[in-house]
Amino acid sequence: MNTVVCMKQVPDTETLIKINPEGTGIVTEGIKWVMCPYDEYAVEEALQQKEKFKAGKITIVSLGPDRAIEAIRTGLAMGADTAVHINDAAFYEKADPYATAAALAAAIKDLEYDAIFCGKQAIDDDSGQVPAILGELLGLPVVTLVVKLEVSEDKSKAVATREIEGGHAVVEVSLPAIFSAQKGLNEPRYASLPGIMKAKKKPVDVRTVSDLGVSVEPMTVIKEMSLPPARQAGKILEGEDAVEKAKALAKALHEEAKLI
Amino acid sequence: MDFEFSDEIKMLRKTAGDFAKNEFEPVAQDLDREEKYPRDVWKKASGLGLIGAWIPEEYGGSGVGFFGNAIITEEFSRVDLGMSLIIAGTFGCEAIYWAGTEEQKKKYLSLVSHGEAISAGAFTEPDAGTDVAGARTRAVKDGDEYVINGNKMFITNGDVCDFMVTLCVTNPDAEKRYKKHSLIIVESDRPGVTATKIHGKMGIRASDTAEISFEDVRVPVSNLVGDVEGQGFYQAMQFFDTTRIMVSAQGVGLAQGALDKAIQYVKERKAFGVPIASFQITQQKIAEMAMRVEATRNLVYKSAWYLDNHKVDPILNSITKYYAGETAVFCANYAVELHGGYGYIDEYDVQRFYRDAKILQLYEGTKEAEVLTIARRLLA
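Here the protein sequences line up with chains G and L, keeping their order.
Under the working numbering, think of the first position of the first sequence as 1, with each following residue one higher.
Under the working numbering, think of the first position of the second sequence as 1001, with each following residue one higher.
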């Protein structure tokens, strides 16, 4: 089974994020970058499908500056076969979900695939739009928030279990299709040392957006970015005994928090 | 000079770090309390190529050299020193790598690198530790076999290993005391081998340590490491020049782990209404820890690079090992002090780090032995 995995390099979840002086983005210096955790599920699913069918090729497609190669190599070390790195810092800086999807679609359209796997969202900008826009641009069905996937023997269709509020929905879809991975789909493997040593010999096709013939402009622009307000200090209720404290609590919940 | 890491080393560090965080953190405290060797975690790490990563690819390893192995060791011991010692599942095989025959390398190095066997290095005896040439375990040739009798002490992996590289006296009549010994590979399941686990260690309690006794243990003469008798002392010295650097990497990891935990704690803990990180006396401690960690790390990387390039420098190795032990003990101590009373109870990791750190000044050459090596060579 041939698959494509769309992957984004994002700041490590433990990184302390700071807003840049212009207030339009984050300070990127000193950040530790990693593969988006949801994209790890996507890579793992591609690997498991390839292992199940005992054949196929996995291509990672990623839009990002020079540094993105580290996350691409991690995907190759996990076991993907090849990669397309759309390395275009100027385009990447301004890219909104539409522009990102347009660049990915241009890189994917000439590849052979039975399925495209994406993370459900990138954990930095959290827009969650790329899989859907990609489906529109490539004319493919999209199944989001997948937690289980079964592909038919002849690779003509798949049955996907989606996570929905309070339960699950089972969806049948013809292939090729796009699947966005939700936590629970699988347990991503570590990049093994033999895998790491092999990764450097695997081909990475480096392209700019103009190489790919993409000339779209982003449809949205970030005007302002801000951190959540610092958490307020807790309030300690005064009172002689439990009865008085309970009264004070009920009063505070009613008058200040307006919860009761 | 190039201080930039290759992509492979960066990925290897990430795999080792993620592995330790996911596999060590949840169980480290229990294994420490129960003195239990994590065989399942060793097996899993083997599957990823993390055990025996230094072994060349032709013998089944990952071929990342001792430098790569130092990076894995550092990331492992940053989370837990006791559990990090699963990486010593190849212990003793360094001697086979340096001095063994081609057949021995093919057989034993590939066993440990594939996770099919755990090895040990049986050097220390009840009455001979630092004085390596004082080892008295005797191997007598009988036809095409050696018959081994004697006792070994404080043997890492002694109770969990499948074979051990054992220092024995084979040539008691040699004129020089440094020419009396040989290294012999002894499989643990041979009749007459008894391993008794040592309980009650102060630290690294997830690591297995045992006392071994050999009673008329027979092994084929082909188990002699290399093919000439009387080289054991020199082979042991070369072995320790290698493993000392790996132990030094343990020191860097433990010290960095202690620093990580101290930084996290002093930012959260408040006294007199402000985080204790805002006090200059706290800042002094954090900065001093960071200085020593960085200095030790550079020593370790240099020593490991020398080793991979076959430029063995015993003075450098001893400086590295001595300083790594000092740094680990120093940083663990400050980490406990910064945690105050909480650092004294086993719910907090720094308490375990404090107990674990001390071994780094004792094993693989005591700090006193390192001082001897440095001074004697400088003043010779």
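Backbone N, C-alpha and C define an ideal beta-carbon position, used for all residues, glycine too.
- For L/M1153, no alpha helix (DSSP H) run applies; the uninterrupted beta strand (DSSP E) run containing it begins and ends at 1145 to 1156, by DSSP.
- With contacts defined by Cβ atoms closer than 9 Å, G/E153 and G/A160 do not form a contacting pair.
- For L/S1062, the residues of chain G that pass the 7 Å Cβ criterion are L193, P194, M197, in the order they occur in the chain.
- In the displayed model, L/T1124 falls within coil according to three-state DSSP, outside both helix and strand.
- The Cβ atoms of L/G1121 and L/R1352 lie no closer than 9 Å to each other.
- Per the DSSP secondary-structure output, L/F1163 pairs in a beta bridge with L/S1119, L/E1187.
- Classified as exposed, G/K183 has fewer than 16 neighbouring CB atoms from the shown chains inside 10 Å of its CB.
- Chain G places a beta carbon closer than 9 Å to that of L/E1008, counting this residue as a contact.
- For the options L/Q1361, L/L1316, L/K1105, the alpha carbon positioned closest to that of L/A1332 is the one of L/Q1361.
- Exclusion of the five residues before and after L/E1057 leaves G1063 as the residues of its chain whose Cβ lies within less than 6 Å of its Cβ.
- Counting only residues of its own chain and dropping the five nearest sequence neighbours on each side, G/I17 has a CB closer than 6 Å to the CB of I26.
- DSSP places G/S156 in the coil class of the three-state scheme, outside both helix and strand.
- In the DSSP assignment, L/F1067 falls within the unbroken alpha helix (DSSP H) covering 1065 to 1079.
- Between L/I1185 and the set L/K1107, L/T1243, L/G1082, the nearest pair of CA atoms involves L/K1107.
- DSSP places L/E1025 outside both helix and strand once states are collapsed to three, so it counts as coil.
- DSSP, reduced to helix, strand and coil, places L/A1135 outside both helices and strands of the structure shown, so it counts as coil.
- Spatial neighbours of G/N2 in its own chain (CB-CB distance under 7 Å, excluding positions within 5 residues in sequence) are listed in chain order as G56, K57, E112, Y113, D114.
- G/L249 is the residue among G/L259, G/G234, G/L249 whose C-alpha sits nearest the C-alpha of G/D241.
- As the crow flies, the alpha-carbon of L/H1339 is around 31 Å from that of G/I19.
- By the beta-carbon neighbour count (other beta carbons within 10 angstroms, threshold 16), G/A77 is buried.
- With respect to chain L, the C-beta atom of G/T13 has no partner C-beta closer than 9 Å.
- Contact of L/L1012 with chain G by beta-carbon distance below 8 Å involves L193, I196.
- Close to G/R73, with beta-carbon spacing below 9 Å, are these residues of chain L in chain order: D1007, E1008, K1010, M1011.
- In this structure, L/T1282 sits away from L/V1293, with a CB-CB distance that is not shorter than 9 Å.
- Within chain L, no residue has its beta carbon less than 7 Å from that of G/K235; the closest one is some 16 Å off.
- With a threshold of 9 Å between beta carbons, L/A1053 makes contact with chain G.
- The continuous alpha helix (DSSP H) containing L/Q1256 extends over residues 1232 to 1268.
- Chain order gives the chain L residues near G/Y190 as T1015, D1018, F1019, L1048, where near means a beta carbon separation below 7 Å.
- Scanning chain L for C-beta atoms nearer than 7 Å to the C-beta of G/K109 yields nothing, as the closest lies near 29 Å away.
- Under DSSP, L/T1327 shares a beta bridge with no residue.
- Comparing alpha-carbon positions, the option among L/D1040, L/Q1284, L/D1356, L/K1141 lying closest to L/G1251 turns out to be L/D1356.
- Along the segment 59 to 70 of chain G, the positions whose C-beta sits under 8 Å from a C-beta of chain L are I69, E70, read in chain order.
- Within its own chain, the residues whose Cβ lies closer than 6 Å to the Cβ of G/R73, once the five positions on either side in sequence are excluded, are A199, listed in chain order.
- In the three-state reduction of the DSSP assignment, G/L63 falls in the strand class, which pools E and B.
- Chain order gives no chain L residues near G/A46, where near means a beta carbon separation below 7 Å; the closest approach is about 19 Å.
- In the three-state reduction of the DSSP assignment, G/M1 falls in the coil class, being assigned neither a helical nor a strand state.
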